[in-house]
Amino acid sequence: MLNILGLGFQVAKTELDNDFLHKEVGLALGPDWVDSRLGINKRYSVLTKDYILKTKNADPREAVALARSQNQTPVTLAADAARQAMAQAGVGPDHIGLVIANNDTPFETIPSTANLVAQALGIGSGPHCDVNASCSSFARHMHLLSDMAAALPEFALCVQTAAYTTRTDYGPRSMDGYIWGDGAAAQVVSTRRPGRLKVTPSLFATKPEAAHDVVIDNVGHFRQKGAAVKEFSLKKTEELFQAVAQRFGLDLKSVYTVAHQANFVMQNKIIRGLDLSPERHLRNVQNQGNIAAAGIPSVLAQSLPRLSPGDRIIYAVVGSGLAWGAGLLEVL
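Once you know that position 249 of the sequence shown is 234 in the working numbering, the rest is easy, because the numbers rise by one and skip nothing.
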């Protein structure tokens, strides 16, 4: 049995609200478009407001350099989230035998994010490695650890992190400037110790022929086939929720649900399409933007204090790759 013993999350320091993006940065799509298409009110960046105002992030290489100078990177965000998860689990660096990390926007090609996080936390030698499935990485990590259950050390640390604003174009016609936020999440996982959440991964799959539908070049801006990805994501997410509910004999209205934190309006469509209870659909994208793979686990970290033992949560995520995954969580 796979258990999550502790969860943590961290967002970047600079808050970017819609007024700043509309009135100062000059993003031209405007409040009505954001309200009707995204429903995101604010997001957080490793960049400074002055930098975004002056440069519109025309050169992502400069953004990476600035973020490093501010000590705000995917690795520092991940380490902060991991410290919270480890404190909640009651374990120290010497207890962690494996670190698995995702990072969509690494500032270094090598070494791996997992090793950099381990170094930052004082974690010793282990088979630490990066396992990146972009926004679907939480599902991939849970599925991988479940498959490895017999060989896992007593405690493993999973990390999901990214700084998408360093790869975001803030020019006047940008849509992406409204969407992305920077953040990280982390989970301490064990098959030998009881935890706060029991994890039963259900499935994980990819669609290689759509690999170029969502792309970030090493030193370029984020780009995607937005309309096609959106429609695929909506349909696939509904299918995933239904598949997991059917597998475990659950009524979707009787459980909590959590989906990829792409945007608030897309989630409203999923809620209506499946006739879900809005009060039992967990989300935070409206207040921190799309933080990629850290979205679902950050929602879990924020929501767990108000949930009760026995509550069940179905998670379903679709991201670039294209990749998708789903499973069941039970509060212990």
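Glycine residues also receive a C-beta, built at the ideal position from the N, C-alpha and C atoms.
Practice task
State the start and end residues of the unbroken beta strand (DSSP E) segment that holds L(-10).
Solution key: L(-13) to V(-4)
Practice task
Measure how close the beta-carbons of A247 and N275 come, nearest whole angstrom, since I'm counting them as under 8 angstroms.
Solution key: 6 angstroms
Problem - Of the residues K210, L267, K192 and A212, the one placed nearest S121, counting alpha carbons only - result: The residue among K210, L267, K192 and A212 with its C-alpha nearest the C-alpha of S121 is K192.
Handout entry: Three-pair Cβ contact test at 8 angstroms for the region 154 to 171 versus the region 8 to 26
Key = yes
Handout entry: Close-in-space but distant-in-sequence residues of the same chain around A66 (CB under 6 angstroms, 5 per side omitted)
Key = G(-7), F(-6), Q(-5), A169, A170 and A171
Practice task
Measure the CB-CB distance between E223 and L259 and report whether it falls below 8 angstroms.
Solution key: yes
Handout entry: Inter-stretch contact (C-beta, 8 angstroms, three-pair minimum) for the region 84 to 93 and the region 137 to 148
Key = yes
Exercise for the section: Spell out the partners DSSP gives R297 in its beta bridges. Expected result: Partner(s): E315.
Practice task
Apply the 10 Å Cβ neighbour rule to A278 and answer buried if 16 or more other Cβ atoms are within range, or exposed otherwise.
Solution key: buried
Handout entry: Limits of the unbroken beta strand (DSSP E) element including Q209
Key = F207 to Q209
Handout entry: Nearest candidate by alpha-carbon position, reference G111, set N26, L267, A99 and F233
Key = Nearest of N26, L267, A99 and F233 to G111, Cα basis: A99.
Exercise for the section: Would you mind giving the Cβ-Cβ distance between Q322 and N269, rounded to the nearest angstrom? I have them listed as a contact below 8 angstroms. Expected result: This structure cannot speak to residue 322, because the chain is shown only from -14 to 317.
Problem - Best match in A134, R46, F226 and A196 for proximity to T151 [C-alpha to C-alpha] - result: Between T151 and the set A134, R46, F226 and A196, the nearest pair of CA atoms involves R46.
Exercise for the section: Tell me where the alpha helix (DSSP H) around F123 begins and ends. Expected result: S122 to D132
Exercise for the section: Look up G310 in the DSSP assignment and say whether it is helix, strand or coil. Expected result: strand
Problem - Touch test, the region 22 to 35 against the region 127 to 143, Cβ-Cβ under 8 angstroms, three pairs minimum - result: Counting Cβ pairs under 8 angstroms, fewer than three are found: no touch.
Handout entry: Terminal residues of the alpha helix (DSSP H) in which S21 lies
Key = G15 to R22
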